[in-house]
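Colleague: Numbering (the numbering used here), first residue to last: 146 to 576.
Quick reminder that beta carbons are idealized off the backbone N, C-alpha and C, glycines included.
The structure presented is a predicted model; accordingly, all values stated were derived computationally and were not measured.
Laid out in structure tokens, this is it:
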């Protein structure tokens, strides 16, 4: 079951600009000054102020004469990043050359500029509503519950009576207790990535915590440039947080773990440890990827990419750089339901099983590639009109058993996600 809070906090705006180039030049200057990330295309730009959807999107089109003026419209969704993002987005608009600017800001902050009032009247009630949902599910063995999770990315392993969030896994009772015993300000400082007026110590700590839980593969930095960038950003943010506030509790064990992966000497001064019921890292365990109707569960350490084939087409590819390489090619039938091909008929140990909403068939064979003997698993999954062709290439026969176990976890869905999910912005549904 998918449960939606059906709410978010944000703003939208319309206005006019002299030209896209003038707006882009001004945005570049502001982005450089504030260390924001800026991307632009033919019809608009995006300024990323922080993770968790923390971006201001602006689109433009000519009002009539391409020489100008041009019409612009845009928006920013402030949850779950926090009130600090909302303030920063409003102040970004203040400094962009947008004329006749009209802002629809449900918090009223654009008008009254009272940061404390905005938090008390909008962000804290929003957070309390999420905790109320957790309170209702406490002790019921709730399964697959998520708060503010982007449904278009992987799903972490399910642990009953816990909730998945971008800043960590919590016991349902943990969030309730934190609110009741320490108050909403303490809860907000832990849950929102950017709860303060400025990018303070908690901002950098929480940004690091988000990266530890959601992005970090806990792989050596030497494995890939992605690992190097994520590991370095985590360490930099935690060290900056410690300098800004030496008394702030930090995830010190995880910091030292990432230091070892990055081959970097620990530099945190002595200080308190952040109490967490679970050690950071969704990707330390198995995660489930959505590809259309297919649900594929793989180790979180695997990185996903796209492999383009020379003769056209391609496949989604997952690998950790040393173990089996998984490839998935999706196909859709023009008419009727998908059927298995005859490509699996000559394989070793062919097995088949029915799935809820589909079926699966797989086997394996020896192959020779560049003079090396390899073992290739081939699997086909049908789900309505969709056919998914999966190949897994192994370098040793001993890897076949782990591949078989993961194939045993494959499932399909034919409607919206069955997991009970709570989210507060339009972040997905089925892939």
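Taking the alpha-carbon positions, what's the residue 338 to residue 191 distance?
Modeller: 20 angstroms
Colleague: How would you label residue 528, buried or exposed, when you count the other beta carbons within 10 angstroms and need 16 or more for buried?
Modeller: buried
Colleague: Check residue 318 in the structure and name its three-state DSSP category.
Modeller: helix
Colleague: Would you decide whether residue 518 is buried or exposed? Buried here means 16 or more other CB atoms lie within 10 Å of its CB.
Modeller: exposed
Colleague: Can you grab the Cα-Cα spacing for the pair residue 156 / residue 168, in whole Å?
Modeller: 19 angstroms
Colleague: Beta carbon of residue 476, beta carbon of residue 532: below 9 angstroms?
Modeller: yes
Colleague: With the cut-off set at 9 angstroms, would you say residue 203 and residue 228 are in Cβ contact?
Modeller: no
Colleague: Between 349, 184, 380, 479, which lies nearest to residue 409 when the distance is taken from Cα to Cα?
Modeller: 380
Colleague: Between 247, 406, 340, 493, which has its C-alpha nearest residue 378's C-alpha?
Modeller: 406
Colleague: From residue 326 to residue 316, what distance separates their C-alpha atoms?
Modeller: 15 angstroms
Colleague: For a test of the three-state rule: what should DSSP assign to residue 565, helix, strand or coil?
Modeller: The predicted position of residue 565 is uncertain, since its pLDDT is 37 and thus under 50; no value can be drawn from it.
Colleague: Is residue 363 helix, strand or coil by DSSP?
Modeller: If DSSP states are grouped into helix, strand and coil, residue 363 belongs with coil.
Colleague: Per DSSP, residue 506 is paired with what?
Modeller: Paired residue(s): 497, 525.
Colleague: Thinking C-beta only, is residue 361 closer than 9 angstroms to residue 376?
Modeller: yes
Colleague: Alpha carbon to alpha carbon, how far is residue 347 from residue 354? Give it in angstroms, no decimals.
Modeller: 10 angstroms
Colleague: Which parts of the segment 192-270 are runs of the alpha helix (DSSP H), unbroken and 4 residues or longer, counting only runs that do not cross its ends?
Modeller: The DSSP assignment places 228-239, 254-257, 260-263 as complete runs of the alpha helix (DSSP H) inside the segment 192-270, in order along the chain (cut-off: 4 residues).
Colleague: So what does residue 291 bridge to, in DSSP terms?
Modeller: 309
Colleague: Once you ignore the five residues that flank residue 276 on each side, which residues in its own chain have a CB closer than 8 angstroms to its CB?
Modeller: 320, 321, 324, 332
Colleague: Helix, strand or coil, according to DSSP, for residue 275 in the structure here?
Modeller: helix
Colleague: Kindly list the residues whose CB is nearer than 6 angstroms to the CB of residue 449, restricted to its own chain and excluding five residues on each side of it in sequence; keep chain order.
Modeller: 463
Colleague: If you check the beta carbons only, do residue 485 and residue 307 fall under 9 angstroms apart?
Modeller: no
Colleague: Do residue 286 and residue 311 have their C-beta atoms within less than 9 angstroms of each other?
Modeller: Cβ atoms of residue 286 and residue 311: not closer than 9 angstroms.
Colleague: Just how far apart, CA to CA, sit residue 194 and residue 161?
Modeller: 22 angstroms
Colleague: Taking 6 angstroms as the limit between beta carbons, can you name the residues of its chain near residue 170, skipping five residues before and five after?
Modeller: none
Colleague: Considering only the alpha carbon of each residue, which of 300, 555, 385, 455 lies closest to residue 503?
Modeller: 555
Colleague: Excluding the five sequence neighbours on either side, which residues of its own chain have a C-beta within less than 7 angstroms of the C-beta of residue 570, listed in chain order?
Modeller: Confidence is the limiting factor: at residue 570 the pLDDT is only 32, short of 50, which leaves the residue's position unreliable and the question unanswerable from this model.
Colleague: Considering only DSSP beta bridges, list what residue 461 is partnered with.
Modeller: Residue pairing of residue 461 in beta bridges, as defined by DSSP: 451, 473.
Colleague: Which of the three DSSP states, helix, strand or coil, is assigned to residue 304?
Modeller: coil
Colleague: If you draw a straight line from the C-alpha of residue 247 to the C-alpha of residue 416, how long is it?
Modeller: 47 angstroms
Colleague: Would you mind reading off the limits of the alpha helix (DSSP H) that contains residue 174?
Modeller: 165-179
Colleague: Please work out which residues of its chain come closer than 7 angstroms, Cβ to Cβ, to residue 427, disregarding the five sequence neighbours upstream and downstream, and give them in chain order.
Modeller: In the same chain as residue 427, and ignoring 5 residues on each side of it, the C-beta atoms closer than 7 angstroms to its own belong to 301, 358, 359, 445, in chain order.
Colleague: Going by beta-carbon coordinates alone, are residue 403 and residue 363 separated by less than 9 angstroms?
Modeller: yes
Colleague: Please go through the same chain and pick out, in chain order, the residues whose beta-carbon is closer than 8 angstroms to the beta-carbon of residue 398, but skip the five residues on each side of it.
Modeller: Exclusion of the five residues before and after residue 398 leaves 418, 424 as the residues of its chain whose Cβ lies within less than 8 angstroms of its Cβ.
Colleague: Within 8 angstroms, do at least three Cβ pairs link the segment 175-185 to the segment 254-262?
Modeller: no
Colleague: Report back the beta-carbon spacing between residue 506 and residue 525 to the nearest angstrom; my notes put them in contact at under 8 angstroms.
Modeller: 5 angstroms
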